[in-house]
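Q:
There are 2 protein chains.
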Amino acid sequence: MAFLPSWRPGAAREAITSFLDESLALPPDQRVAVLDNDGTLWCEKPNYIQYDFLVRTLHAAVEHDAALGDRTEYRALLDGDRAALGELGLQRIALALLELCAGWTPDEFAERVRDFMAAEKHPGRGAPYPKMVYQPMLELLEALRGHGFDVFIVTGGGTEFVRAVSRDLYGVRPDDVVGTLVEYHYEQHGGGPALVRTAQAQGEVNEGWAKVEHIQTQLGRRPIFAAGNSAGDREMLEYARAAGMPSLAVLIDHDDAEREYAYASAAVTFRDTEPITATAGRLGWSVVSMRDDWSVIFPA
Amino acid sequence: MAFLPSWRPGAAREAITSFLDESLALPPDQRVAVLDNDGTLWCEKPNYIQYDFLVRTLHAAVEHDAALGDRTEYRALLDGDRAALGELGLQRIALALLELCAGWTPDEFAERVRDFMAAEKHPGRGAPYPKMVYQPMLELLEALRGHGFDVFIVTGGGTEFVRAVSRDLYGVRPDDVVGTLVEYHYEQHGGGPALVRTAQAQGEVNEGWAKVEHIQTQLGRRPIFAAGNSAGDREMLEYARAAGMPSLAVLIDHDDAEREYAYASAAVTFRDTEPITATAGRLGWSVVSMRDDWSVIFPA
Chain F
1 MAFLPSWRPG AAREAITSFL DESLALPPDQ RVAVLDNDGT LWCEKPNYIQ
51 YDFLVRTLHA AVEHDAALGD RTEYRALLDG DRAALGELGL QRIALALLEL
101 CAGWTPDEFA ERVRDFMAAE KHPGRGAPYP KMVYQPMLEL LEALRGHGFD
151 VFIVTGGGTE FVRAVSRDLY GVRPDDVVGT LVEYHYEQHG GGPALVRTAQ
201 AQGEVNEGWA KVEHIQTQLG RRPIFAAGNS AGDREMLEYA RAAGMPSLAV
251 LIDHDDAERE YAYASAAVTF RDTEPITATA GRLGWSVVSM RDDWSVIFPA
Chain W
1 MAFLPSWRPG AAREAITSFL DESLALPPDQ RVAVLDNDGT LWCEKPNYIQ
51 YDFLVRTLHA AVEHDAALGD RTEYRALLDG DRAALGELGL QRIALALLEL
101 CAGWTPDEFA ERVRDFMAAE KHPGRGAPYP KMVYQPMLEL LEALRGHGFD
151 VFIVTGGGTE FVRAVSRDLY GVRPDDVVGT LVEYHYEQHG GGPALVRTAQ
201 AQGEVNEGWA KVEHIQTQLG RRPIFAAGNS AGDREMLEYA RAAGMPSLAV
251 LIDHDDAERE YAYASAAVTF RDTEPITATA GRLGWSVVSM RDDWSVIFPA
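For the record, the sequence lines run as chains F and W. Going left to right, the first sequence walks through residues 1 to 300 as UniProt numbering numbers them. Going left to right, the second sequence walks through residues 1 to 300 as UniProt numbering numbers them.
(1) Helix, strand or coil: how does DSSP classify Val172(F) here?
(2) Taking only beta-carbon atoms, is Thr159(F) less than 8 Å away from chain W?
(3) How would you label Gln216(W), buried or exposed, when you count the other beta carbons within 10 angstroms and need 16 or more for buried?
(4) Taking C-beta pairs closer than 7 Å, name the residues in chain W that Arg167(F) reaches, listed in chain order.
(5) Is Arg221(F) buried or exposed, if buried means 16 or more other CB atoms sit within 10 Å of its CB?
(6) Go through its chain and collect everything with a Cβ distance to residue 301(W)'s Cβ below 8 Å, but skip five positions before and after it.
(7) Output needed for Glu204(F): all residues of its chain with C-beta closer than 7 Å, excluding positions within five of it in sequence on either side, in chain order.
(8) Strictly by DSSP, which residues pair up with Thr155(W)?
(9) Which one or two residues does DSSP pair with Lys121(W) in a beta bridge?
(10) If you measure from the beta carbon of Tyr186(W) to each beta carbon in chain F, is any gap under 8 Å?
(11) Opposite Ile49(F) in the DSSP bridges: which residues?
(12) Please check if any C-beta of chain W sits within less than 8 Å of the C-beta of Val212(F).
(13) Is there a Cβ from chain W that is less than 8 Å from the Cβ of Gly220(F)?
(14) Give, in chain order, every residue of the region 221 to 247 of chain W whose Cβ lies closer than 8 Å to some Cβ of chain F.
(15) Would Val258(F) be called buried (16 or more neighbouring beta carbons within 10 Å of its own) or exposed?
(16) Could you tell me the distance, in whole angstroms, from the CA atom of Met137(W) to the CA atom of Ala194(W)?
(17) Taking 8 Å as the threshold (beta carbon to beta carbon), is Gly148(F) in contact with chain W?
(18) Going by DSSP in three states, Gly192(F) sits in which element: helix, strand or coil?
(19) Tell me the DSSP secondary structure of Glu207(F) in three-state form.
(20) Can you look up Thr277(W) in the DSSP assignment and give me helix, strand or coil?
(21) On the three-pair Cβ rule with 8 Å, is the region 243 to 255 of chain F touching the region 55 to 70 of chain F?
(22) State yes or no: is the C-beta of Ala143(F) within less than 8 Å of the C-beta of Leu20(F)?
(23) Would you call the CB atoms of Val177(W) and Gln200(W) closer than 8 Å?
(24) What residues from chain F crowd round Leu181(W), counting only those whose CB sits closer than 8 Å?
(25) According to the neighbour-count rule (16 or more other Cβ atoms, all chains shown, within 10 Å of its Cβ), is Glu160(F) buried or exposed?
(26) State buried or exposed for Ala280(F), treating a residue as buried only when at least 16 other CB atoms are found within 10 Å of its CB.
(27) Should Pro128(W) be labelled buried (16 or more other beta-carbon atoms within 10 Å of its own) or exposed?
(28) Let me know the secondary structure DSSP gives Gly244(W) once reduced to three states.
(29) List the whole-angstrom C-beta distance separating Phe152(W) from Val288(W), where the pair is believed to meet the contact cut-off of C-beta under 8 Å.
(30) On the CB-based measure, 16 or more other CB atoms within 10 Å of its CB, does Pro223(F) come out buried or exposed?
(31) Quick one, are the C-beta atoms of Ala240(F) and Phe225(F) less than 8 Å apart?
(32) Cβ atoms of Gln50(W) and Gly158(W): under 8 Å apart, would you say?
(33) From His189(F) to Gln30(W), what does the alpha carbon distance come to, in whole angstroms?
(34) Along the beta strand (DSSP E) that carries Leu35(F), what are the first and last residues, could you check?
(35) Tell me the rounded alpha-carbon separation between Pro28(F) and Arg167(W).
(36) For Glu120(W) and Ala300(W), what's the separation of their Cα atoms in angstroms?
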């Protein structure tokens with residue numbers, strides 16, 4: 001099989017292959033790779049896929065209980081009221097949506113996520129959701145594993161949401177996903193102990209410095225490879241780079257309006273904000289142009 | 001190689017081999033095994049091994065700063081004052097000892113743990129600490145892996161302490177250890193992001209129902225096999241058993257005063273406390289008699 005077949009020759013491909021070659025000299029315990037999910041492994045536009053799932057859950061819930069539509073956040077979603085949604089803000093919307101899943105067991109939640117992924121189509125491109133992963137990144141995961149890396153997903157999204165599909169989409173074990181957690185309620189049923197979801201987040205949202213902290217607490221090893229696409233990945237990419245040599249930080253630049261979406265993330269620096277690609281330049285990360293470096297974006 | 005060579009024929013060995021055979025019919029994602037560490041995989045008497053490490057750390061610290069000896073908890077430890085230690089209680093002692101490691105990086109901590117394990121001898125038996133693991137349990141880990149299980153350590157001890165040695169002693173990756181966590185302090189140095197230990201525990205001590213919750217949040221799959229030896233493992237063992245069939249809960253009974261230590265743990269039930277072996281009988285767990293079921297205890 002060809003090596004990284006969807007990666008065009010260029011600086012990004014070269015940085016990756018050099019890094020992989022050098023890493024072979026390291027003990028296995030040091031070969032640790034962490035990758036963001038939304039916008040790094042799969043498409044995050046026009047909405048986060050988890051957001052689509054929760055909105056779908058809302059529609060199903062309202063069919064059973066119309067009174068839900070009276071709630072401000074749900075009303076705005078059901079009406080597609082962009083002005084109201086903008087005013088409420090994504091975080092308040094997301095927390096309201098998570099309440100819909102309170103009381104579900106982990107198994108119920110995972111099953112509903114899998115049903116959603118199997119049945120629904122991506123609103124922007126009309127493709128099944130499992131086809132919204134980036135083909136070149138699947139090849140990169142394969143190359144990392146082929147070089148003895150333990151590969152982890154470190155996502156700002158819900159841990160359980162990504163775990164429900166990580167094995168099928170990426171070949172990543174559920175426990176190798178680190179994301180934002182919900183609190184569980186522990187119950188003793190007749191049949192033994194059981195857990196059900198609450199609507200509360202547990203600890204910090206997994207973005208920025210929290211990604212670094214959760215890599216230590218949940219994985220316990222320092223990555224020497226990190227990939228991301230947004231300001232929320234900055235600290236994780238810096239952390240990998242600061243691990244010494246060889247190390248590699250990869251930033252996916254969404255610059256392909258035709259085949260995917262063109263948009264930019266801004267990083268907060270010590271004096272101002274700057275495009276995350278400029279941060280990458282200053283800090284010696286490898287920037288991947290989706291337009292120039294990838295011959296295909298999505299799997300056939 | 002022989003299968004479970006240190007397990008004598010009997011009910012315990014039979015329950016394990018039947019369970020392993022039946023598990024082969026399950027999809028790989030369901031083959032999840034969790035094992036306690038102290039008293040289940042390695043010896044926990046006369047002290048927890050982590051406790052020995054921390055007391056050793058105290059002795060080294062006092063050499064540099066004699067004033068530490070003025071602190072009540074440290075004084076009692078340095079004097080070996082059993083009455084004072086009993087009055088202070090293990091938890092207060094342990095927290096005071098953890099303060100000695102505040103400010104260390106994760107790498108420093110892991111290195112000191114490994115140095116300790118390599119250099120020191122077990123006070124009860126005079127053997128090197130790495131020889132204080134139970135040979136039959138190493139064989140069980142091997143058998144589980146041979147049947148396609150993902151094997152995790154779920155310990156009440158410090159996550160980072162066990163991670164420092166889990167690969168060498170048990171062939172378990174650091175991220176496959178779930179224990180009690182410390183809080184980290186996130187710092188930006190000149191060279192990039194860094195983490196240092198604080199003296200605060202993060203979240204719940206990993207015992208009892210917390211083990212069940214952390215299995216969900218950190219691993220995300222329900223175990224069908226669990227092994228433990230104390231009341232702190234009860235909920236985890238019940239959780240595995242309640243997963244449906246096939247499932248197996250194994251309780252190690254420390255009944256071998258000659259070759260190891262003889263002691264009993266008590267479980268709190270809905271009306272009273274009872275020996276954990278009685279709980280095991282009521283709930284259909286397999287009880288392993290170290291005296292009768294194991295032909296050897298420690299590796300040669």
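Just so it is clear, CB atoms sit at the ideal spot from N, CA and C, and this is done for glycine as well.
A: Checking against the coordinates, here is how it stands:
(1) coil
(2) yes
(3) buried
(4) Asp29
(5) buried
(6) No answer is possible for residue 301(W): it lies beyond the span of chain W, which begins at 1 and ends at 300.
(7) Ala210
(8) Answer is none; Thr155(W) lacks a bridge partner.
(9) Pro128(W)
(10) yes
(11) Answer by DSSP bridge pairing: none, since Ile49(F) is not bridged.
(12) yes
(13) yes
(14) Arg221, Arg222, Glu235, Glu238, Tyr239, Arg241, Ala242
(15) Contrary to the premise, residue 258(F) reads as Glu rather than Val in this sequence. Answer is exposed; the Cβ neighbour count stays below 16.
(16) 37 Å
(17) no
(18) strand
(19) coil
(20) helix
(21) no
(22) yes
(23) no
(24) Thr217
(25) buried
(26) buried
(27) exposed
(28) coil
(29) Actually they do not touch by this definition, with Cβ atoms about 19 Å apart.
(30) buried
(31) yes
(32) yes
(33) 22 Å
(34) 32 to 35
(35) 11 Å
(36) 18 Å
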